[in-house]
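Here is the structure we will look at, set down as structure tokens.
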Amino acid sequence: MALECEQCAVQTSQCSGPMIQCTQEQDSCVLRVVSTSIAGSVEQNVFEKGCGSSKFCGKGPNVINYGLLGTTVIDTHCCMGAACKTTRLPAPRRNTTLNGRQCSTCSPDGAECKFPPIQCAGVETKCFEITGSQNIAGQIINSVIKGCANELACQAMETDAKTFGNMIYEVKSAKCTDGVGSTTPGSLGLLFPALSGLLLVKFLA
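As structure tokens, this is what we get:
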């Protein structure tokens, strides 16, 4: 029999919802917390339950730094039976100490990638690049999103990326490379708070 898991997503630490049937690739029920922030201030925490892959459970958070678009931290844990009903996960936190690496980034509206490099922090040792189709005001635009990420986030991007939040509806390619060294500390620059709610990354579809 196929695995069944409860599915829900709310902004509180507990949620409940209907049972759904998992695919063959989804071998576990998962609890996940997605924390998005703008300029270092947490804008939203979303607590989710559903089907997922056990290979991403309990290994620490996925950390994604979009530069102009803010940051997302995702912590995933597997659960069985009653634990899926009672376990509560704390919201994950991102280490903001600069680590000397930097990555290029792009405009959130699909324009050319001409922004200065952003400074990576904490465990963000990789540069990621995701290309896909983005829906802006009803118009479909080919877009590129770049930034810093940790190794776990890169593994999820390269193996399970299907959709990327609400901004990109179809991911065409996703890759990561080593972040380049930098001796000049910097900042994330001007951010766009209106986009904070659009950055819920769906790696475990």
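Sequential numbering of the sequence shown, starting at 467, is according to the numbering used here.
Every residue gets a Cβ at the ideal spot worked out from N, C-alpha and C, and that includes glycine.
Measure the Cβ-Cβ separation of residue i and residue j and say whether it is below 8 Å.
i	j	result
PRO590	VAL529	It is Glu, not Pro, that sits at residue 590 in the sequence shown. Yes, the pair counts as a contact, with Cβ atoms nearer than the cut-off.
LEU497	CYS550	yes
VAL539	SER479	no
CYS544	CYS495	yes
GLU477	ASN511	Here the sequence assigns Gln to residue 477, which means Glu is not the residue at that position. Yes, they are a contact pair.
GLY588	ARG567	no
ALA548	VAL499	no
LEU618	GLY533	no
GLN473	PRO484	yes
CYS488	PHE513	no
Looking at the strands, I want to know which residues DSSP matches up with residue i.
i	result
PHE513	VAL476, VAL499
MET546	Beta-bridge pairing links MET546 to no other residue.
ASP644	LYS592
THR538	THR502, ILE530
MET485	GLU472
ALA619	None; ALA619 has no bridge partner.
SER609	GLY598
SER507	ILE504
GLY518	SER494
Round the Cβ separation of residue i and residue j to the nearest angstrom and send it over; I've been treating them as touching at under 8 Å.
i	j	result
ALA503	GLY536	Ala is not the amino acid found at residue 503; the sequence shown has Ser there. That belief holds up - the Cβ atoms of SER503 and GLY536 are roughly 6 Å apart, short of 8 Å.
CYS517	THR542	About 12 Å; that fails the 8 Å criterion.
CYS586	LYS515	Contact doesn't hold; Cβ gap of about 31 Å is too wide.
LYS592	THR643	7 Å
LYS641	GLY598	Not confirmed; about 13 Å, so no contact.
CYS614	ILE584	6 Å
Under a Cβ-count criterion, where at least 16 other Cβ atoms within 10 Å of its own Cβ denotes burial, should residue i be classed as buried or exposed?
i	result
LYS612	buried
GLN600	buried
GLY604	exposed
SER519	buried
SER507	exposed
MET623	buried
Q. Can you list the beta strand (DSSP E) stretches of 3 or more residues lying completely in the stretch 565 to 605, in chain order?
A. Complete beta strand (DSSP E) runs here, min 3: 584 to 587, 592 to 602.
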